Amino acid sequence: MLDHYISVRKQTENFCSPLSIEDYTPQVVLHASPMKWQLGHTTWFFETFILKKYVEEYQEFDAQFSYLFNSYYNNVGDRIARNNRGVLTRPSVEEVYAYRTHVDQHILSLFQNEQPKELLDLLEIGINHEEQHQELMVTDLKLLFFSHPFKTTYKENGSLLEDKVHYFNEWVDIDEGIYEIGYKGDQFSYDNEQGKHKVYLHNYSIAKDLVCNEDFMAFIEDGGYQRFDLWLDEGWSWVQENQINAPLYWEKRNEEWYQFTLGGMKKVNPKAILSHINFYEAEAFARWKGMRLPTEFEWEVAADKFEWGKRWEWTNSAYLPYPGFKTADGALGEYNGKFMINTMVLRGSSVATSPNHSRKTYRNFFHPHYRWQYAGIRLAKSL
Ligand SMILES: [Fe+2]
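When we follow the numbering used here, the leftmost residue of the sequence shown carries the number 6, and every step to the right adds one.
Following this line, the structure appears as structure tokens:
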């Protein structure tokens, strides 16, 4: 696990190699965090939950950092307001890297010796936490560069949006019956996916392919963003209030669609997999097709029968606790459980997800209006 720790920590810093010092600090929206803050926060996680708790003689790197880099853990104490993460011109980027080195040295020396399972579990959560942030770093940087008047490029050839849909229009039929949902095993899993339990599913069919850009262009051309009958009420309000007429990052130039990518503005490839849409758009599109989104249970039951991993896939399931779910005591009980309100489940993983981070029982969740993740659509229909 120590090798995994080292490689994940290194990978985080690799994401920063194309950045200028100025790129590390700004925060463009409430839900996206600056790179400097994420470098500090992922380090704070190991320092707070392992070093400060289990290493007696441990000296924290800087007593102010807990206030600056605590994200949402009320158990740990007061913290900077989420919308103020971009004002952290201090500490310097250099100091944040020194903080990472300090914590890495102590973690490595602690785990040189055999440690109890409780500590190994915490290390594993910390590694998985940093992997989750690696994906956020990609998506948050993308939003930052998009916000620049000249739409800065992160990396030439770094698009991440070129994967094409196979498009055989194949469907997987699943028979009605009782199925088991949730994780049980001895590999890492989050508390929100544990608690294997039974659900009853009716006959349904689920698409093998994800929806591609061409499909969504047809929706737009058919007035999809102007037709209230296709939208949930909340979704329709969102469209009107924000004057939405295309997926995030799309722009029409001379009658052709372009999209912002990490490699700059590129023509939208009609055959590539659709990305950067929110739950409202996914739901409206499915309705326009005369179909629906799968529930998270339908998705999990069928997951071995199709390829997944290119886009997070919106499901028609609210993010709720599984039967028997209990919030763990202490700060780490705040990791997942307290967000089980007003969010929808996404399944799978995306091109921006860290390798091997996801699994078929993994439950990602976001508010229905967020579009900055690499999220797309898999259609389903009742039989
Ligand atoms: Fe976090």
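C-beta atoms are modelled at their ideal positions from N, C-alpha and C, and glycine is treated no differently. Quick caveat, the model's predicted, so the values are computed rather than measured.
If I measure Cβ to Cβ from residue i and keep anything under 6 Å in the same chain, skipping five residues before and after, which residues do I get?
i           : result
residue 210 : 176, 178, 386 and 388
residue 350 : 301, 320, 322, 324, 368 and 370
residue 52  : 108
residue 7   : 116
residue 362 : 136
residue 266 : 164 and 166
residue 332 : 338 and 342
residue 258 : none
If we count the other Cβ atoms within 10 Å of its Cβ and call it buried at 16 or more, is residue i buried or exposed?
i           : result
residue 25  : exposed
residue 113 : exposed
residue 352 : buried
residue 94  : exposed
residue 92  : exposed
residue 140 : buried
residue 28  : buried
residue 144 : buried
residue 119 : exposed
residue 125 : exposed
residue 22  : exposed
residue 37  : buried
residue 130 : buried
residue 76  : buried
residue 159 : buried
residue 198 : buried
residue 17  : buried
residue 138 : buried
Between residue i and ligand 1, is there a pair consisting of the residue's CB and a ligand heavy atom that are separated by less than 6 Å?
i          : result
residue 76 : yes
I'd like to check one pair, residue j with residue i: are the Cβ atoms closer than 7 Å?
i           : j           : result
residue 383 : residue 305 : no
residue 268 : residue 161 : yes
residue 190 : residue 330 : no
residue 104 : residue 48  : yes
residue 339 : residue 78  : yes
residue 215 : residue 282 : no
residue 253 : residue 289 : no
residue 33  : residue 149 : yes
residue 357 : residue 379 : yes
residue 45  : residue 98  : no
residue 66  : residue 127 : no
residue 314 : residue 280 : no
residue 366 : residue 229 : no
residue 341 : residue 196 : yes
residue 2   : residue 202 : Any question about residue 2 goes unanswered here, given that the chain covers just 6 to 388.
residue 373 : residue 311 : no
residue 142 : residue 50  : no
residue 233 : residue 243 : no
residue 205 : residue 183 : yes
Only counting the same chain, and skipping five residues up and downstream in sequence, which positions put a Cβ closer than 8 Å to that of residue i?
i           : result
residue 262 : 218, 222, 251, 255, 256, 272 and 273
residue 335 : 80
residue 208 : 178, 179, 180, 181, 387 and 388
residue 276 : 169, 170, 172, 217, 218 and 219
residue 227 : 293
Quick one: what's got a C-beta closer than 7 Å to residue i's C-beta in the same chain, skipping five residues either side?
i           : result
residue 9   : 132
residue 35  : 87 and 88
residue 30  : 39, 41, 91, 93 and 94
residue 63  : 56, 57 and 111
residue 287 : 298, 319 and 382
residue 345 : 324, 325 and 326
residue 85  : 72 and 73
Hey, would you say the C-beta of residue i is under 6 Å away from at least one heavy atom of ligand 2?
i           : result
residue 138 : Because ligand 2 does not appear in the structure shown, any question about it cannot be addressed here, the ligands present being ligand 1.
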